[in-house]
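Heads up, the thing below is written out as C-alpha cells.
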Amino acid sequence: MKSYALITGATGGLGKALAAECASRGWNLFLTDLSEQSLEALAIGLGRLHSVDILYQPCDLTDSASREILWQAIEQAGLRFHLLLNVAGVDFEGPFRERAINELRTVLQLNIEATVEMTRRVLMFRDATRTLRIVNVSSLAGYYPMPLKAIYAASKRFLLDFSLALNQELRSADITVMALCPAGMPTNQETRRGIKAQGFLGQVTTLNVGSVAVRTIELALAGRKVYIPGAFNQVMQALGSLAPPATVAFLISKRWKAARQKSIPMPAER
28 MKSYALITGA TGGLGKALAA ECASRGWNLF LTDLSEQSLE ALAIGLGRLH SVDILYQPCD
88 LTDSASREIL WQAIEQAGLR FHLLLNVAGV DFEGPFRERA INELRTVLQL NIEATVEMTR
148 RVLMFRDATR TLRIVNVSSL AGYYPMPLKA IYAASKRFLL DFSLALNQEL RSADITVMAL
208 CPAGMPTNQE TRRGIKAQGF LGQVTTLNVG SVAVRTIELA LAGRKVYIPG AFNQVMQALG
268 SLAPPATVAF LISKRWKAAR QKSIPMPAER
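As C-alpha cells, this is what we get:
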C-alpha cells in the first residue's frame, strides 16, 4: 500500500515549498487547498520533476461539510499517511474593532478548528508501518500577545501549546508532533508589504521559504518539538520570554502602529 504526505494550504508559498521538498524525497503527496486549478498546476509541475504519485482535492477547510467530503474521499480511496503538514492559515491584520465578525470567525475556523480536525482525522488513516510525523504551522507571533494581530497571535499560541501537549501524549504511539514557528516569509504580495513596513526588523527576521521547508522536514524527521527558523528569531523569542507579557504587548503595539502608518498609502494631494 502506498503511503502519502498530506499537505493543507498546498498552493501557498510555504505549502508549495514543503510539497516540493517532500516530492524531492520520493514521497507520494496528497494536496489540498481552495483552488482546484492551482492544485492541478502544482501537481503537474511537481509530477514533471519527480516520479511520485500526486493526488489532490480542493477543500474549504473553514467549512465542516467540506472537510467531511474530503475525508470521505480519502477513505474511499483507501489512502494512508506518514506525514501531515497543517500549513493552511489566515490573518486579517488590523485593529480588533475594525474586523468583521466573519473575518474573526474565519481565523478561528481555519487556524484552530481545521487544524485540530485534520490532526485527529489523520490518526485514523496513518500508515501503521511507519512513524507518523505531524507538523503544525504556528508562528513566532504565537509567543507574544500582539495588538493589531490579537486573534491571529492567540490562534498561533493555541497551535504551539496544542502541538507540545500532543507530542508528549502521542510519542508512545510512534507519532511525533512539531510546531513550526516562523517569522515573516515573503510568500505573497501582502506579506511582502508587511515585511517592508517593518523596516530593518522586518528584513532581518525574514527567511527564504525554500530553506525553511527543507529544515522543517529534516527536524520533523528527527523528532524535534519546536522549530523557530533563524538565529535572530530564536534570540528574539528568548529575550521576549524574559519580559512581562504586558510590557511585550506595549512594545509590540508601538512597533505595529508605526509600521502600519508606513504601509497605509497617503491620500493624493488635490
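For what it's worth, the numbering used here labels the leading residue of the sequence shown as 28, then goes sequentially. Cβ coordinates follow ideal geometry from the N, Cα and C atoms, glycine included.
Between residue 47 and residue 56, the CB-CB gap reaches or exceeds 7 Å.
By the beta-carbon neighbour count (other beta carbons within 10 angstroms, threshold 16), residue 44 is buried.
A distance below 6 Å between beta-carbons, with the five flanking residues on each side excluded, links residue 93 to the following residues of its chain, in chain order: 86, 87. Within the same chain, Cβ atoms closer than 7 Å to the Cβ of residue 241 are found at 48, the five residues on either side in sequence being excluded. With respect to residue 177, residue 119 sits apart: the two C-beta atoms are not nearer than 7 Å. Contact between the stretch 57 to 74 and the stretch 262 to 271 is absent, with fewer than three C-beta pairs closer than 8 Å. Setting aside the 5 residues that flank it on each side, residue 255 is surrounded in the same chain by 167, 208, 261, 264, each with a C-beta closer than 7 Å to its C-beta; the list follows chain order.
For the set 280, 76, 64, the Cα lying nearest the Cα of residue 83 is the one of 64. The criterion of a C-beta distance shorter than 7 Å is not satisfied by residue 38 and residue 113. If the five residues before and after residue 130 are omitted, its C-beta is found closer than 6 Å to the C-beta atoms of 119, all from its own chain and listed in chain order. Secondary structure of residue 166 (DSSP, three-state): coil.
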